[in-house]
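A.B. asks:
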Amino acid sequence: MSRENVYFINLHSESGCSLEDKFRWLLNEAGIADLVCKGELIGIKVHVGERGNLAYVNHNYARLAVGEITRAGGKPFLTDTNTLYGGGRHNAVDHHASAVMHGYFEATTGAPFFAADGLRGLDFEELPVQGRHVTGARIAAGICQADKIVMLSHFKGHCEMGFGGTIKNMGMGCASVPGKLELHSGTKPVQDHNRCVGCGQCLMNCPEHAIVMAEHKAVIDYAMCIGCGQCVAACNYGAMQVKWAEHGERLIEKVAEYAAALYGQFSGKALYVNFALEISPDCDCWDYNDRPFVPDIGILASRSPAALDRATMDLVKKANPRAGEENPFDALRPGQKCEYLFEYCRTLGMNDEYELVEVG
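If you use my numbering, the sequence shown closes out at 364, no skipped numbers anywhere.
Given below as structure tokens:
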């Protein structure tokens, strides 16, 4: 396999060479101006951070990306997908409020923010992929319909994947709510009848008519249920719940397959950026962030998501302050296999061999 260019800036700055300047140089060296054509709708995939978490990527980097895309003639928008669990990003209304709270709105970034999978997370398109588990990845419609995408990803730990970077942001972060159900669960939803208020939203959104009302409570006919997750997304009260069943290699494979579907859809039409800053032990989906466990490293960009994650991981290993631990992510959660993600991505045609090019 040929080596993919991965561009890198460190965090040293001085007068006339600010971090903002260096980030713009990074984007241009990585080809953002060549990526964008006049009038195109360019989705900037971000993670606005759960409320209470402060480790997410600062909105000013999105502002700088918006500026470069606008300068090239594109029409940028900021986007993310709704969550499977409850919290501050479970639906488009709460998600927008969280985005504003964390600086991701038009007045601060120059581009509007919206949830790519719609009001309740139900808007998706199926992208084909040939994997062990997935044949049609349920990717948020607002992402699929963009002309090009620029993905801004925070590199950090993850309780199920071992680490999260661009591949995780593609596979899990771009999945609709039904897609996230497919990733996380090998079974059909479970019900908490005590939470059900009988509103009928789940019934109206079930494509198989597998839900009926009995004594003012929703009841799933599991013989008819196909496990699509529409009811989980539609319920505002937590009565329809995910049975969290997928962990380890199977989850990693599913996430990689979703990422491969998106990679195929946007072949030659995407730019990926990793922020190796505030490298916290857990995902930005948690309502807190623990202290970083390795020093800040820098920002990397590439047209190849697997090469980008590989290069970022290698720099994290070099920065590891704990002697004798080759991969600090593995040390965080013994038994998890960070390396397996790269191995499986290669079987899906995602090359992780790279050439590191320092910018500035």
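Backbone N, C-alpha and C define an ideal beta-carbon position, used for all residues, glycine too.
For clarity, every value in this text was computed on a predicted model and none was experimentally measured.
Compute the Euclidean distance between the alpha carbons of residue 153 and residue 185, then round it to the nearest angstrom.
C.D. replies: Whole-angstrom Cα-Cα distance: 24 Å.
A.B. asks: Closest to residue 136 by CA distance: which of 258, 300, 330 is it?
C.D. replies: Considering only alpha carbons, the answer is 258.
A.B. asks: Report all residues from its chain with a CB closer than 8 Å to the CB of residue 355; omit the five preceding and five following residues, and keep chain order.
C.D. replies: So the qualifying residues of the chain are 5, 6, 8, 308, 310, 311.
A.B. asks: So who's on the other strand from residue 129, going by DSSP bridges?
C.D. replies: For residue 129, which the question treats as bridged, DSSP gives the partners 143.
A.B. asks: Can you tell which of 14, 283, 205, 263 has its C-alpha closest to the C-alpha of residue 148?
C.D. replies: Nearest option by C-alpha distance: 263.
A.B. asks: What residue range does the alpha helix (DSSP H) around residue 216 cover?
C.D. replies: Premise fails: residue 216 lies in the beta strand (DSSP E), 215 to 218, not in any alpha helix (DSSP H).
A.B. asks: Is DSSP giving residue 98 helix, strand or coil here?
C.D. replies: Three-state DSSP puts residue 98 in a helix.
A.B. asks: So residue 209 is in the alpha helix (DSSP H); what residue range does that whole segment cover?
C.D. replies: First-last of the alpha helix (DSSP H) with residue 209: 205 to 209.
A.B. asks: Would the beta-carbon of residue 158 fall within 9 Å of that of residue 279?
C.D. replies: Their beta carbons are under 9 Å apart, which means residue 158 touches residue 279 by this criterion.
A.B. asks: For residue 196, count neighbouring Cβ atoms within 10 angstroms of its own Cβ and tell me buried if that reaches 16, exposed if not.
C.D. replies: Answer is exposed; the Cβ neighbour count stays below 16.
A.B. asks: Are residue 83 and residue 125 closer than 9 Å when you measure CB to CB?
C.D. replies: Going by C-beta atoms, residue 83 is not nearer than 9 Å to residue 125.
A.B. asks: To the nearest angstrom, report how far apart residue 293 and residue 52 are at their CA atoms.
C.D. replies: Computed Cα separation, rounded: 14 Å.
A.B. asks: Rounded to a whole number of angstroms, what is the C-alpha to C-alpha distance between residue 222 and residue 143?
C.D. replies: For residue 222 and residue 143, the distance between alpha carbons rounds to 28 Å.
A.B. asks: Count Cβ pairs between the stretch 58 to 76 and the stretch 334 to 347 that sit closer than 8 Å; are there 3 or more?
C.D. replies: Not touching, per the Cβ criterion.
A.B. asks: Using the rule of at least 16 other Cβ atoms within 10 Å of the residue's Cβ for burial, across every protein chain shown, is residue 218 buried or exposed?
C.D. replies: Under this definition residue 218 is an exposed residue.
A.B. asks: Reducing DSSP to helix, strand and coil, say where residue 301 ends up.
C.D. replies: Residue state, collapsed to three classes: coil.
A.B. asks: If you reduce the DSSP assignment to three classes, tell me which class residue 280 lands in.
C.D. replies: Here residue 280 sits in strand by DSSP.
A.B. asks: Cβ of residue 331 within 9 Å of Cβ of residue 322?
C.D. replies: The answer is no: Cβ separation not under 9 Å.
A.B. asks: For residue 299 and residue 363, I'd like the C-alpha separation in whole angstroms.
C.D. replies: So the two alpha carbons sit approximately 20 Å from each other.
A.B. asks: By alpha-carbon positions, which one of 35, 169, 243, 165 ends up nearest to residue 156?
C.D. replies: The shortest Cα separation from residue 156 among 35, 169, 243, 165 belongs to 169.
A.B. asks: What residue does the alpha helix (DSSP H) around residue 357 start on, and which one ends it?
C.D. replies: First-last for residue 357: undefined, no H or E at that position.
A.B. asks: Cβ atoms of residue 226 and residue 199: under 9 Å apart, would you say?
C.D. replies: No. Outside cutoff.
A.B. asks: Which of the three DSSP states, helix, strand or coil, is assigned to residue 87?
C.D. replies: Looking at residue 87 - three-state DSSP - the assignment turns out to be coil, as it is neither helix nor strand.
A.B. asks: In chain order, what residues of the same chain have a beta carbon less than 6 Å from the beta carbon of residue 96, not counting five sequence neighbours either side?
C.D. replies: Once the five neighbours on either side are set aside, the close Cβ partners of residue 96 are 119, 123.
A.B. asks: What three-state label does DSSP hand residue 155 in the structure shown?
C.D. replies: It is a strand residue.
A.B. asks: To the nearest angstrom, how far is it from the Cα of residue 111 to the Cα of residue 145?
C.D. replies: When rounded, the distance between both Cα atoms is 25 Å.
A.B. asks: Under a Cβ-count criterion, where at least 16 other Cβ atoms within 10 Å of its own Cβ denotes burial, should residue 166 be classed as buried or exposed?
C.D. replies: Buried, by the Cβ-count rule.
A.B. asks: Which stretch, first to last residue, makes up the beta strand (DSSP E) that contains residue 51?
C.D. replies: Per DSSP, residue 51 belongs to no beta strand (DSSP E) and is neither H nor E.
A.B. asks: Buried or exposed, going by whether 16 or more other CB atoms sit within 10 Å of the CB of residue 113?
C.D. replies: So residue 113 ends up on the buried side.
A.B. asks: Helix or strand or just coil, what does DSSP make of residue 166?
C.D. replies: Looking at residue 166 - three-state DSSP - the assignment turns out to be strand.
A.B. asks: Expressed to the nearest angstrom, what Euclidean distance is found between the alpha-carbon atoms of residue 207 and residue 230?
C.D. replies: Cα-Cα distance, rounded: 14 Å.
A.B. asks: Count the other CB atoms, across all protein chains shown, that sit within 10 Å of the CB of residue 160; report buried if there are 16 or more and exposed otherwise.
C.D. replies: Looking at its Cβ environment, which holds 16 or more other Cβ atoms inside 10 Å, residue 160 is buried.
A.B. asks: If we call anything under 9 Å between Cβ atoms a contact, is residue 178 one with residue 79?
C.D. replies: Cβ distance not < 9 Å, so residue 178 and residue 79 don't count as in contact.
A.B. asks: Are the beta-carbon atoms of residue 234 and residue 182 separated by less than 9 Å?
C.D. replies: Yes; because the gap between Cβ atoms is below 9 Å, this pair is in contact.
A.B. asks: Could you round the C-beta distance between residue 121 and residue 189 to whole angstroms and report it? I think they count as a contact, below 8 Å.
C.D. replies: About 17 Å separates the two Cβ atoms, so there is no contact after all.
A.B. asks: When the Cα of residue 276 is compared with those of 26, 36, 15, which residue comes out closest?
C.D. replies: Per the Cα distances, 36.
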